[in-house]
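Q: Take this structure, written in structure tokens, and hold onto it; I'll ask about it next.
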Amino acid sequence: MALVVQKYGGSSVSDAHSIKRVAKRIAEAKRAGNDVVVVVSAMGDTTDELMDLAGQITPLPPQRELDILLTAGERISMSLLAMAITNLGVKAKSFTGQQAGLLTDAVHGRARIVDVVPHRIRETVERGQVAIVAGFQGVSRSNDVTTLGRGGSDTTAVALAAGLEADVCEIYTDVDGVFTADPRIVPNARKIDRVTYEEMLELAASGAKVLALRSVEYARRYGVPVHVRSSFSATTGTLVSGTHGDAIDPNAPSGAQEEAQMEAPIISGVAHDRSEAKITVVGVPDKPGTAARLFEVVAGAGANIDMIVQNVSAAQTGRTDISFTLPQGDSPATMAALTGVQAEIGFESLQFDDQIGKLSLVGAGMKSHPGVSARLFGALRDANINIEMISTSEIRISVVTRADSLDDAVRAVHSAFDLDSADGEAVVYAGTGR
Numbered sequence: 010m011a012l013v014v015q016k017y018g019g020s021s022v023s024d025a026h027s028i029k030r031v032a033k034r035i036a037e038a039k040r041a042g043n044d045v046v047v048v049v050s051a052m053g054d055t056t057d058e059l060m061d062l063a064g065q066i067t068p069l070p071p072q073r074e075l076d077i078l079l080t081a082g083e084r085i086s087m088s089l090l091a092m093a094i095t096n097l098g099v100k101a102k103s104f105t106g107q108q109a110g111l112l113t114d115a116v117h118g119r120a121r122i123v124d125v126v127p128h129r130i131r132e133t134v135e136r137g138q139v140a141i142v143a144g145f146q147g148v149s150r151s152n153d154v155t156t157l158g159r160g161g162s163d164t165t166a167v168a169l170a171a172g173l174e175a176d177v178c179e180i181y182t183d184v185d186g187v188f189t190a191d192p193r194i195v196p197n198a199r200k201i202d203r204v205t206y207e208e209m210l211e212l213a214a215s216g217a218k219v220l221a222l223r224s225v226e227y228a229r230r231y232g233v234p235v236h237v238r239s240s241f242s243a244t245t246g247t248l249v250s251g252t253h254g255d256a257i258d259p260n261a262p263s264g265a266q267e268e269a270q271m272e273a274p275i276i277s278g279v280a281h282d283r284s285e286a287k288i289t290v291v292g293v294p295d296k297p298g299t300a301a302r303l304f305e306v307v308a309g310a311g312a313n314i315d316m317i318v319q320n321v322s323a324a325q326t327g328r329t330d331i332s333f334t335l336p337q338g339d340s341p342a343t344m345a346a347l348t349g350v351q352a353e354i355g356f357e358s359l360q361f362d363d364q365i366g367k368l369s370l371v372g373a374g375m376k377s378h379p380g381v382s383a384r385l386f387g388a389l390r391d392a393n394i395n396i397e398m399i400s401t402s403e404i405r406i407s408v409v410t411r412a413d414s415l416d417d418a419v420r421a422v423h424s425a426f427d428l429d430s431a432d433g434e435a436v437v438y439a440g441t442g443r
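With the first letter of the sequence shown counted as 1, position 117 gets the number 126 in this note's numbering; the numbers rise by one all the way through.
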């Protein structure tokens, strides 16, 4: 008997028919002899609709009240799913994040899980029932309801799997697994059978939406094997674990991990992100401490910086330009904060650009195979795509291009690294990849 945590996204429970289909899959897993805990997202676009409704009331809703409102979506889907499972003759009980023991910090809108105390979930499972947990939500130490931000249901599922010491965490979505690129952009993208935590972290951080970044971080920290698969088919999906081989224990002997990595593909995939903006601080005095002060201000505005480029200082002026990328949602506060210290820092002006796109090439094999950068830049050159910024890690190369060139860039790079599938087009069963 295995303890399985399953997570179903909004596209998988978008209407009554979909909920019944998911309930049947859960009932089958339970009847097969597994203990089952389920995490569920809000139905379809419910969260967006609730956000829009709040916006019709006030342009600046209090974050505490907004969190209470948004958690209603998951409460609706969890109770309906429990009803559907019970109707199939399998006992099920639903729980809010608070009831499930998901404790968070007090940051409304993007709270972080600080502890998992799943006593009631464990008791429910021990009684032979299926436990249904509302994703995306928890409770702070001060007993206020909190939400975990976009993709929070993935994090809920992995955190529960870790807290319950589950055998596997299955993330059900509307595609058959993790692909070498977004199949909506590259229809002949290839499904990846296995990917390491490190590669999945880079893919998620670079815009791949099939798994939330924080859920992968949590899975790696606690060694939770994650199986990404479709709720619309019985196809085997993608295993996210410590190695490319059969081992799923990140604490396995180094020799076994090295042997598994020998057969690892050079490139795992191409991710893209069109949600970032670029700010250029023009004419920054090139002297010690200026950059530190600049980014202290950016940090104080709550911005999450991604890529940074500083130009060579002009000898005649002693000034330089510093460009950085950040989420578009962080841009207004960051621009306002920098404008407020312009006289103090002494830069000349600010430039804002939200028409950019980021492409990232990810693969554990690139650190031991020369020529990856040359092939990447050659593919972009041949597609007549200009590069504005470059950033690298051991297993990732990211470039910034114009937003209207991003799709062409993804397809060109995907083909250049022979990632195209020979099995025809990938199937996208619903709409968003979540």
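Beta carbons are placed, not taken as given, at the ideal position from N, Cα and C, and that holds for glycine.
Counting beta carbon pairs with one atom in the stretch 356-374 and one in the stretch 390-405, are three or more of them shorter than 8 Å?
A: Taking 8 Å as the limit for Cβ pairs, the verdict is that the stretch 356-374 does touch the stretch 390-405.
Q: Can you name the start and end residues of the beta strand (DSSP E) that His-236 belongs to?
A: Here the question's residue 236 lines up with position 227 in the sequence shown. First-last of the beta strand (DSSP E) with His-236: 235-239.
Q: What residue ranges within the stretch 90-150 form continuous beta strand (DSSP E) runs of no fewer than 3 residues, ordered along the chain?
A: Taking only runs of at least 3 residues, the beta strand (DSSP E) segments lying wholly in the stretch 90-150 are 101-104, 111-113, 122-125, 139-143, 146-149.
Q: If Val-422 sits next to Leu-368, beta carbons under 8 Å apart, how far is it from one beta carbon to the other, in whole angstroms?
A: Walking along the sequence shown from the start, residue 422 turns up at place 413. Walking along the sequence shown from the start, residue 368 turns up at place 359. 6 Å between Cβ atoms; contact.
Q: On the DSSP letters alone, give me the boundaries of the alpha helix (DSSP H) that Ala-32 sits inside.
A: The residue you call residue 32 lines up with position 23 of the sequence shown. Its alpha helix (DSSP H) spans residues 25-40.
Q: Out of Leu-212, Ala-101, Met-92, point me to the one whose CA is closest to Thr-189's CA.
A: The residue given as residue 189 occupies position 180 in the sequence shown. With distances taken between Cα atoms, Thr-189 lies closest to Leu-212.
Q: Since Ile-276 and Phe-426 are thought to touch, with beta carbons under 8 Å apart, how far apart are those beta carbons, to the nearest angstrom?
A: Against the sequence shown, residue 276 aligns to sequence position 267. Against the sequence shown, residue 426 aligns to sequence position 417. Sure, about 5 Å apart at Cβ, within 8 Å.
Q: Between which two residues does the alpha helix (DSSP H) holding Gly-311 run?
A: Position 302 of the sequence shown, counting from 1, holds the residue named residue 311. Element bounds for Gly-311: n/a, residue is neither H nor E.
Q: Quick one: Cα of Val-187 to Cα of Val-419, how far?
A: Along the sequence shown, one-based indexing puts residue 187 at 178. Along the sequence shown, one-based indexing puts residue 419 at 410. Distance between the alpha carbons of Val-187 and Val-419 is about 16 Å.
Q: Determine, using beta carbons only, whether Val-46 and Ala-115 come nearer to each other than 8 Å.
A: Within the sequence shown, numbered from 1, the residue matching residue 46 stands at position 37. Within the sequence shown, numbered from 1, the residue matching residue 115 stands at position 106. Taking 8 Å as the Cβ cut-off, Val-46 and Ala-115 do not qualify as a contacting pair.
Q: Return yes when the Cβ of Glu-83 is within less than 8 Å of the Cβ of Ala-143, no when it is not.
A: Along the sequence shown, read from residue 1 onward, the residue named residue 143 stands at position 134. Along the sequence shown, read from residue 1 onward, the residue named residue 83 stands at position 74. For Ala-143 and Glu-83, yes; Cβs fall inside 8 Å.
Q: Going by C-alpha distance, which of Arg-384, Asp-44, Asp-339, Ala-170 is nearest Arg-136?
A: Position 127 of the sequence shown, counted from the first residue, corresponds to residue 136. It is Asp-44.
Q: Going straight from the alpha carbon of Lys-39 to that of Ile-180, what length do you get?
A: The residue labelled residue 39 in the question sits at position 30 within the sequence shown. The residue labelled residue 180 in the question sits at position 171 within the sequence shown. Spanning the two alpha carbons is a distance of roughly 17 Å.
Q: For the alpha helix (DSSP H) that contains His-281, what are its first and last residues?
A: Reading the sequence shown from its first residue, position 272 is the one you call residue 281. Not the alpha helix (DSSP H): His-281 falls in the beta strand (DSSP E), residues 278-282.
Q: Give me, in chain order, the residues of the same chain whose beta-carbon lies closer than 8 Å to that of Phe-216; leave out the 5 immediate sequence neighbours on both sides.
A: Taking the sequence shown and counting its residues from 1, the one referred to as residue 216 is at position 207. One point to set straight first is that residue 216 is Gly, not Phe, in the sequence displayed. Around Gly-216: Ala-280, His-281, Asp-282, Arg-283, Ser-284, Lys-367, Ser-369.
Q: Given 8 Å as the limit, is there contact between the stretch 26-33 and the stretch 83-95, that is, 3 or more CB pairs closer than that?
A: The stretch 26-33 is in contact with the stretch 83-95.
Q: With distances taken between CB atoms, is the gap from Val-306 to Leu-347 smaller than 8 Å?
A: The residue labelled residue 306 in the question sits at position 297 within the sequence shown. The residue labelled residue 347 in the question sits at position 338 within the sequence shown. Going by C-beta atoms, Val-306 is nearer than 8 Å to Leu-347.
Q: Which of helix, strand or coil does DSSP assign to Ala-286?
A: On the sequence shown, residue 286 is found 277 positions in, with the first residue counted as 1. Of the three classes helix, strand and coil, the one that applies to Ala-286 here is strand, per DSSP.
Q: Just the C-alpha distance for Gly-327 and Asn-320, rounded to the nearest angstrom, thanks.
A: Looking up residue 327 in the sequence shown gives position 318. Looking up residue 320 in the sequence shown gives position 311. Using only the alpha carbons, I get a separation of about 12 Å.
Q: Please classify Ser-242: does DSSP put it in a helix, a strand, or coil?
A: Here residue 242 refers to the residue found at position 233 of the sequence shown. Three-state result, Ser-242: coil.
Q: Tell whether a beta-carbon distance below 8 Å holds between Val-177 and Pro-234.
A: Taking the first residue of the sequence shown as 1, we reach residue 177 at position 168. Taking the first residue of the sequence shown as 1, we reach residue 234 at position 225. Closer than 8 Å, so yes.
Q: With distances taken between CB atoms, is the gap from Thr-155 to Thr-95 smaller than 8 Å?
A: Taking the first residue of the sequence shown as 1, we reach residue 155 at position 146. Taking the first residue of the sequence shown as 1, we reach residue 95 at position 86. Going by C-beta atoms, Thr-155 is not nearer than 8 Å to Thr-95.
Q: Whether or not the stretch 220-236 and the stretch 150-169 are in contact is what I'm after, with contact meaning three or more pairs of Cβ atoms, one per stretch, closer than 8 Å; do they touch?
A: With the cut-off at 8 Å, the stretch 150-169 and the stretch 220-236 touch.
Q: Identify, in the order they occur along the chain, each residue of the same chain with its Cβ nearer than 6 Å to the Cβ of Val-409, setting aside the five sequence neighbours on each side.
A: Stepping through the sequence shown from its first residue, residue 409 is reached at position 400. Closer than 6 Å at the Cβ level, and outside the excluded window around Val-409, lie Ile-365, Lys-367, Glu-397, Met-398.
Q: If you follow the alpha helix (DSSP H) that Gln-351 is part of, which residue opens it and which one closes it?
A: Mapped onto the sequence shown, residue 351 falls at position 342. It spans 351-354 - the alpha helix (DSSP H) in which Gln-351 sits, taken as one unbroken run.
Q: Note down the Cα distance separating Tyr-17 from Asp-295, rounded to an integer number of angstroms.
A: Looking up residue 17 in the sequence shown gives position 8. Looking up residue 295 in the sequence shown gives position 286. About 51 Å.
Q: Just reading off the alpha helix (DSSP H) that Phe-386 is part of, what are its end residues?
A: If you number the sequence shown from 1, residue 386 lands on position 377. Here the alpha helix (DSSP H) through Phe-386 covers 381-391.
Q: What residue ranges within the stretch 144-219 form continuous beta strand (DSSP E) runs of no fewer than 3 residues, ordered along the chain?
A: You should have 146-149, 154-156, 177-182, 203-205.
Q: Who are the near neighbours of Ala-261 in its chain, counting only those whose CB is closer than 6 Å to its CB and skipping five residues on each side?
A: Indexing the sequence shown from 1 puts residue 261 at position 252. Unreliable placement is indicated for Ala-261, whose pLDDT of 45 sits below 50; the coordinate value is still reported in the next sentence. Excluding sequence neighbours, Ala-261 sits near nothing in its chain.
Q: Can you tell me the Cβ-Cβ gap for Val-22 and Ala-175, rounded? I've got them flagged as a contact below 8 Å.
A: As a position in the sequence shown, residue 22 is number 13, starting the count at 1. As a position in the sequence shown, residue 175 is number 166, starting the count at 1. Actually they are not in contact, since the Cβ atoms of Val-22 and Ala-175 sit about 21 Å apart, beyond 8 Å.
Q: Can you tell me which residues form a DSSP beta bridge with Val-408?
A: As a working mapping, residue 408 is identified with position 399 in the sequence shown. DSSP lists Leu-368, Ile-399 as partners of Val-408.
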